[in-house]
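Asks:
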Amino acid sequence: MIEIKSLYKTFDQVQVLNGLNLSVKDGETKVIIGRSGAGKSVLLKAIVGIIRPDSGSIRINGVEVVGLPDIQYDAVRKNIGLVFQGGALFDSLNVGENVGFVLDEFSRMKASEKRERVAHALSLVGLKKIENMMPSQLSGGMKKRVSLARALCMEPKILLYDEPTSEVDPITADAVDNLIVEMSRKLKVTSIVVTHDMNVAYKVADSIAMFYHGQVIADGTPQEIRSSRHPVVHQFINGASEGPITEDESMKFGHIK
Ligand SMILES: Nc1ncnc2c1ncn2[C@@H]1O[C@H](COP(=O)(O)OP(=O)(O)OP(=O)(O)O)[C@@H](O)[C@H]1O
Ligand SMILES: [Mg+2]
Numbered sequence: 111m112i113e114i115k116s117l118y119k120t121f122d123q124v125q126v127l128n129g130l131n132l133s134v135k136d137g138e139t140k141v142i143i144g145r146s147g148a149g150k151s152v153l154l155k156a157i158v159g160i161i162r163p164d165s166g167s168i169r170i171n172g173v174e175v176v177g178l179p180d181i182q183y184d185a186v187r188k189n190i191g192l193v194f195q196g197g198a199l200f201d202s203l204n205v206g207e208n209v210g211f212v213l214d215e216f217s218r219m220k221a222s223e224k225r226e227r228v229a230h231a232l233s234l235v236g237l238k239k240i241e242n243m244m245p246s247q248l249s250g251g252m253k254k255r256v257s258l259a260r261a262l263c264m265e266p267k268i269l270l271y272d273e274p275t276s277e278v279d280p281i282t283a284d285a286v287d288n289l290i291v292e293m294s295r296k297l298k299v300t301s302i303v304v305t306h307d308m309n310v311a312y313k314v315a316d317s318i319a320m321f322y323h324g325q326v327i328a329d330g331t332p333q334e335i336r337s338s339r340h341p342v343v344h345q346f347i348n349g350a351s352e353g354p355i356t357e358d359e360s361m362k363f364g365h366i367k
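Under our numbering, the letters of the sequence shown match residues 111 to 367, in that order.
The following block contains the structure:
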């Protein structure tokens, strides 16, 4: 469903994606782990075309999107829901408008039908009757869930979640995990979930890929990753400060050419 080959992206001096390869099968839930600044969010944005890669290939359901003009990209994009790390809600729109605006953009739905779809998407993430609230009136976790509802609203074939459970309380986090699993099972959605939380990773993943220095250094089933002998993977999933990943590196963010 998603086939990424030799993807490169540099910002100024920083090489963020360094020949990255990743493949996500139809209906699969792929979890991506890796340190802060490893390029996880950049990859998700590259898949939806918000960030354009320098070179390489991204094929989505057989369509090459690297270099695809925006007009044609829209046809691909409407099948992809992205839950942004920070929520990325429009401050001047209320919750209902924030969730429903994708419907205006990509479909011609009747107002009543749209209201229903928005309410349904909000109820999926455990929120009811908050359509008229403004983003400034929401807690961090509520914003996250509104952003999730917006991604679900289009009923996309592909869902990309960027840290869906950060900033939410443990009970909501568990509900979000269940939702991810449910979307995958019931609706056969193909998903990529970026998370720092290994509990989430083990719970929702069919497979887990680890990013390091702009590449995927390990990709396998949760069991394979858990028992990996790769020193970087081992250190990361056990959260150890001793190992090949150094503090110095965390200050550097990315990989200087
Ligand atoms: N639009 C941009 N312009 C310049 N640099 C950027 C841009 N977006 C990301 N970067 C840089 O790319 C690198 C990777 O960023 P990214 O947001 O993908 O990290 P991440 O793996 O998602 O980290 P985190 O776990 O903290 O969310 C960072 O060094 C960041 O500063
Ligand atoms: Mg990120």
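Idealized CB from N, CA, C, for every residue including glycine.
Can we say the region 194 to 211 touches the region 326 to 343, given the rule of at least three CB pairs closer than 8 Å?
Replies: Taking 8 Å as the limit for Cβ pairs, the verdict is that the region 326 to 343 does not touch the region 194 to 211.
Asks: Indicate whether the contact test is met: 3 or more Cβ pairs, each with one atom in the region 339 to 347 and one in the region 316 to 324, closer than 8 Å.
Replies: Touching, per the Cβ criterion.
Asks: Report the rounded CA-to-CA distance for G166 versus I114, giving the unit in angstroms.
Replies: Translated into positions along the sequence shown, residue 166 becomes position 56. Translated into positions along the sequence shown, residue 114 becomes position 4. Taking the straight line joining both Cα atoms gives about 8 Å.
Asks: Threshold first: 4 residues or longer. Then list the alpha helix (DSSP H) segments lying entirely within the region 279 to 362, N to C.
Replies: 280 to 297, 308 to 314, 332 to 336, 341 to 348 and 357 to 362, all fully within the region 279 to 362.
Asks: Using the three-state DSSP reduction, which class does F194 fall into: helix, strand or coil?
Replies: As a working mapping, residue 194 is identified with position 84 in the sequence shown. In the structure shown, F194 sits in coil (DSSP, three-state: anything other than H, G, I, E or B).
Asks: Less than 8 Å between the CB atoms is what I'm expecting for V310 and V291, so what's the real figure, rounded?
Replies: On the sequence shown, residue 310 is found 200 positions in, with the first residue counted as 1. On the sequence shown, residue 291 is found 181 positions in, with the first residue counted as 1. No, V310 and V291 are not in contact; Cβ-Cβ is about 11 Å, not under 8 Å.
Asks: Let's test the definition: count the other Cβ atoms within 10 Å of the Cβ of S294 and tell me whether it reaches 16, buried, or not, exposed.
Replies: As a working mapping, residue 294 is identified with position 184 in the sequence shown. So S294 counts as buried.
Asks: Exposed or buried, which one is V141 when buried takes at least 16 other CB atoms within 10 Å?
Replies: Taking the first residue of the sequence shown as position 1, residue 141 is located at position 31. By the neighbour-count rule (16 or more Cβ atoms within 10 Å), V141 is buried.
Asks: Give the straight-line distance between the Cα atoms of V134 and P179, rounded to the nearest whole angstrom.
Replies: Residue numbering aside, residue 134 sits at position 24 when the sequence shown is read from its first letter. Residue numbering aside, residue 179 sits at position 69 when the sequence shown is read from its first letter. Cα-Cα distance, rounded: 24 Å.
Asks: If I'm right that V193 touches L258 with Cβ under 8 Å, what's the distance once you round it to whole angstroms?
Replies: The residue labelled residue 193 in the question sits at position 83 within the sequence shown. The residue labelled residue 258 in the question sits at position 148 within the sequence shown. So it is a contact: roughly 5 Å between Cβ atoms.
Asks: Taking only beta-carbon atoms, is P266 less than 8 Å away from chain B?
Replies: As a matter of chain content, chain B is missing from the structure shown, which is built from one protein chain.
Asks: Thinking just about the alpha-carbon of each residue, which of E352, T305 and G330 is nearest to the one in A370?
Replies: For residue 370 there is no data in the structure shown, the boundaries of the chain being 111 and 367.
Asks: Please identify the residue among G197, D287, R145 and L127 whose C-alpha is closest to the C-alpha of N348.
Replies: Working through the sequence shown from its first residue, we reach residue 348 at position 238. The shortest Cα separation from N348 among G197, D287, R145 and L127 belongs to R145.
Asks: Identify, in the order they occur along the chain, each residue of the same chain with its Cβ nearer than 8 Å to the Cβ of N242, setting aside the five sequence neighbours on each side.
Replies: Residue numbering aside, residue 242 sits at position 132 when the sequence shown is read from its first letter. Closer than 8 Å at the Cβ level, and outside the excluded window around N242, lie N204, V205 and G206.
Asks: Any chance the region 265 to 275 sits against the region 148 to 159, with 3 or more Cβ pairs inside 8 Å?
Replies: Contact between the region 265 to 275 and the region 148 to 159 is present, because at least three Cβ pairs lie under 8 Å.
Asks: With R59 and V299 assumed to form a contact (beta carbons below 8 Å), what rounded beta-carbon distance in angstroms separates them?
Replies: Here the chain comprises residues numbered 111 to 367, so residue 59 is not present and cannot be evaluated.
Asks: Taking 7 Å as the cut-off, is the CB of K224 close to at least one heavy atom of ligand 1?
Replies: Position 114 of the sequence shown holds residue 224. K224: no, Cβ never under 7 Å from ligand 1.
Asks: How close, in whole Å, do the beta carbons of P163 and K119 come, if the pair is a contact with beta carbons under 8 Å?
Replies: If you number the sequence shown from 1, residue 163 lands on position 53. If you number the sequence shown from 1, residue 119 lands on position 9. About 5 Å separates the two Cβ atoms, so the contact holds.
Asks: Using the beta-carbon count (16 or more within 10 Å), is I170 buried or exposed?
Replies: Counted from its first residue, the sequence shown places residue 170 at position 60. With 16 or more Cβ atoms within 10 Å of its Cβ, I170 is classed as buried.
Asks: Going by other Cβ atoms of all chains shown within 10 Å of its Cβ, with 16 needed for buried, is N128 buried or exposed?
Replies: Translated into the one-based positions of the sequence shown, residue 128 becomes position 18. Buried.
Asks: Hey, is S246 close to ligand 2, as in C-beta under 7 Å from one of its heavy atoms?
Replies: Numbered from its first residue, the sequence shown carries residue 246 at position 136. No - ligand 2 has no heavy atom lying nearer than 7 Å to the Cβ of S246.
Asks: Output needed for G353: all residues of its chain with C-beta closer than 8 Å, excluding positions within five of it in sequence on either side, in chain order.
Replies: Counting from 1 along the sequence shown, the entry for residue 353 is found at position 243. P341, V342, H344 and Q345.
Asks: With a CB to CB cut of under 8 Å and the five nearest residues on each side skipped, what residues in its chain are close to V326?
Replies: In the sequence shown, counting from the first residue as 1, residue 326 sits at position 216. Hits under 8 Å: L130, N131, L132, A319 and M320.
Asks: Near ligand 2, which residues have their beta-carbon closer than 7 Å to a heavy atom?
Replies: Listed by chain position, these are K150, S151, Q195, D272, E273 and V304.
Asks: Please state the DSSP three-state secondary structure of S151.
Replies: Counting from one through the sequence shown, the residue named residue 151 turns up at place 41. Three-state DSSP puts S151 in a helix.
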